[in-house]
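K.L.:
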Amino acid sequence: MNRFTYARAADTFDAVRQGSDAGVKYLGGGTNLVDLMRETIEKPASLVDVTGLSREIEELPGGGLLIGAGVRNTALAEHRLVRQRYSLLTRAVVSGASAQIRNMATVGGNVLQRTRCAYFYDDAGSRCNKRSPGSGCDAIDGFNRNHAILGASTSCVAVHPSDMCVALAALDAMVHLRGDGGERRIALADLHCLPGDRPDIETMLEPGELITGIELPPASAISRSTYRKVRDRSSYAFALVSVAAVLEVEEGHVRNVRIALGGVAHKPWRAMRAEAVLRGGPAASLAFATAADAELAEARPLSGNAFKIKLARRTMVAVLEELAGEIA
Ligand code: SF4
1 MNRFTYARAA
11 DTFDAVRQGS
21 DAGVKYLGGG
31 TNLVDLMRET
41 IEKPASLVDV
51 TGLSREIEEL
61 PGGGLLIGAG
71 VRNTALAEHR
81 LVRQRYSLLT
91 RAVVSGASAQ
101 IRNMATVGGN
111 VLQRTRCAYF
121 YDDAGSRCNK
131 RSPGSGCDAI
141 DGFNRNHAIL
151 GASTSCVAVH
161 PSDMCVALAA
171 LDAMVHLRGD
181 GGERRIALAD
191 LHCLPGDRPD
201 IETMLEPGEL
211 ITGIELPPAS
221 AISRSTYRKV
231 RDRSSYAFAL
241 VSVAAVLEVE
251 EGHVRNVRIA
261 LGGVAHKPWR
271 AMRAEAVLRG
281 GPAASLAFAT
291 AADAELAEAR
301 PLSGNAFKIK
311 LARRTMVAVL
321 EELAGEIA
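Numbered by the UniProt record's numbering, the letters in the sequence shown go through residues 1 to 328 in order.
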C-alpha cells in the first residue's frame, strides 16, 4: 500500500474544500476502496473521511425519503420507512455482500464501488483499460462469464457490481451532490457511464464532488415492487443477472412500470425499451416476454456469457409475473 495522509471532514463544506485537491479520495466504509489500495489499484495521496457526515434518513414532505450518503447499508435496509415503502431496496441491500460488510459500507460508497472484474484487480499480470488506459482488455478474450451483455465497448466489458444501485434506478432515485460550484442533483440512472473508449471514467461526478444523499420520490400506493438476484451461490456473490421492478396495474393494464437490470452492463441498466413496450398494454405473460425481448434485442454476448441473455429474459418475465400476480 502506498503512503497517504488521512483527515476527518468536520462537515460537508470542509470535505469538499479538502476534496478539491488533486489525489484526494473520500473515504466511506472503505469496504471497496481499502481493498483497491491494498492491491495498489487505487493510490490516493490523501483520504478525507466522510463517515461522520450525512448519517440520517429523513422523511420529505409528500412522502419521499432523503437518505444520507453516510448511512450504513444495514441501517438503510432496516429502516422502518424503507421497509414499508421501498421494500425492493431492502431486498437489494440485504442480497449484497456479508452482514459484516453491510455494517461497514455506506450508501455513498456503495454507489461509487468499482467493478469486480478479476483482470482489473490483477495489476501484476493483466491488461486492463480501466486500470491503465490504452493497455488493452484481457477480459474480452478471457474468462468473461460474469461480464456485460449490454452497452459494452471494445475497450471494456465490465459490469457494475452494486445491487442497491439497481433498486435505486428502478425507484427513480436522485443523487444529491455538493462540489466547488455548490449543490446539484442527478438521476441515479444517469450517474454512471457506459465504458465507450474511456472505461476509466465511471461517473458523471466532477473532480472533488461529494455525494451527500439519495432522494427517493414518494412511492405510489398501488404499485408493487421487488428485487430478484440470480447468482452462482446463495450468499456473498455478485449478480449474474438481477432485476428490480416497480409495477402499477389498473384494470388489467400496465399504468406505469420501471425496470432496472444488474449484472449485465457497466452501469445499473434501466430497461427503457421494455418499459415503453409495457406501458398501457396488458399485464400478461406474453406482453412481459415481448418487452424482455425488446430490451435484450441489443444484447451482445461474449464467448462465455451468452447464457445471460436467456437468464435476463426469464428473470424479467418471472419478476413481472410475480408482481402482476400480487396485484390481480
Ligand atoms: Fe479492465 Fe474492463 Fe477489460 Fe475488466 S473488462 S479487464 S475492467 S477493461
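C-beta: ideal position from N, C-alpha, C; glycine also.
Taking the DSSP output, what are the residues bridged to residue 334?
P.N.:
What is shown of the chain runs 1 to 328, which leaves residue 334 out entirely.
K.L.:
Does DSSP put serine 249 in a helix, a strand or coil?
P.N.:
A small fix is needed here, since residue 249 is valine in this sequence, not serine. In the structure shown, valine 249 sits in a strand (DSSP, three-state: E or B).
K.L.:
Could you tell me the distance, in whole angstroms, from the CA atom of histidine 147 to the CA atom of arginine 116?
P.N.:
The straight-line gap from Cα to Cα measures roughly 10 Å.
K.L.:
Is the Cβ of methionine 174 closer than 8 Å to any Cβ of chain C?
P.N.:
Chain labels in this structure do not include chain C; a single protein chain is all it has.
K.L.:
Beta carbon of threonine 203: closer than 7 Å to some heavy atom of ligand 1?
P.N.:
Incorrect: threonine 203 has no Cβ contact closer than 7 Å to ligand 1.
K.L.:
Would you mind sorting serine 162 into buried or exposed? The rule is 16 or more other CB atoms within 10 Å of its CB.
P.N.:
Buried.
K.L.:
Taking the beta carbon of phenylalanine 120 as the centre, do at least 16 other beta carbons fall within 10 Å, making it buried, or is it exposed?
P.N.:
Per the 10 Å Cβ criterion, buried.
K.L.:
Tell me where the beta strand (DSSP E) around glutamate 59 begins and ends.
P.N.:
Looking at the DSSP string, the run of the beta strand (DSSP E) that includes glutamate 59 is 57-59.
K.L.:
So, with DSSP's three-state summary, where would you put asparagine 256?
P.N.:
Strand at asparagine 256.
K.L.:
How big is the Cα-Cα spacing for arginine 279 and valine 48?
P.N.:
Their Cα atoms are separated by approximately 45 Å.
K.L.:
Going by the beta-carbon positions, is the gap between threonine 315 and valine 241 smaller than 8 Å?
P.N.:
Cβ distance < 8 Å, so threonine 315 and valine 241 count as in contact.
K.L.:
According to the Cβ coordinates, are arginine 270 and alanine 189 closer than 8 Å?
P.N.:
Result yes, Cβ atoms of arginine 270 and alanine 189 sit closer than 8 Å.
K.L.:
Sort Pro282, Gly29, Leu88 by Cα distance to arginine 72 and report the nearest one.
P.N.:
Looking at the Cα atoms, Gly29 is the closest of the given residues.
K.L.:
If we ignore side chains and look at the alpha-carbon of each, how far apart do threonine 90 and threonine 226 end up?
P.N.:
Their Cα atoms are separated by approximately 9 Å.
K.L.:
Compute the minimum distance between the beta carbon of proline 133 and the heavy atoms of ligand 1, and state whether it is under 7 Å.
P.N.:
No - ligand 1 has no heavy atom lying nearer than 7 Å to the Cβ of proline 133.
K.L.:
In this structure, does DSSP put glycine 64 in helix, strand or coil?
P.N.:
Residue state, collapsed to three classes: coil.
K.L.:
Relative to the C-alpha of arginine 55, which residue among Gly134, Asn305, Thr212 is closest?
P.N.:
The residue with the shortest Cα to Cα distance from arginine 55 is Thr212.
K.L.:
Please indicate yes or no: does the CB of alanine 124 lie closer than 7 Å to some heavy atom of ligand 1?
P.N.:
Not under cutoff, so the answer is no.
K.L.:
Short of 6 Å in beta carbon distance, which residues of its chain neighbour glutamate 295, apart from the five on each side in sequence? Order them along the chain.
P.N.:
Closer than 6 Å at the Cβ level, and outside the excluded window around glutamate 295, lie Ala271, Arg273, Ala274.
K.L.:
Just confirm the distance between the C-beta atoms of arginine 228 and phenylalanine 238, as a whole number of angstroms; I'd bet it's less than 8 Å.
P.N.:
Between phenylalanine 238 and arginine 228 the Cβ distance is about 14 Å, and since that is not below 8 Å, they are no contact.
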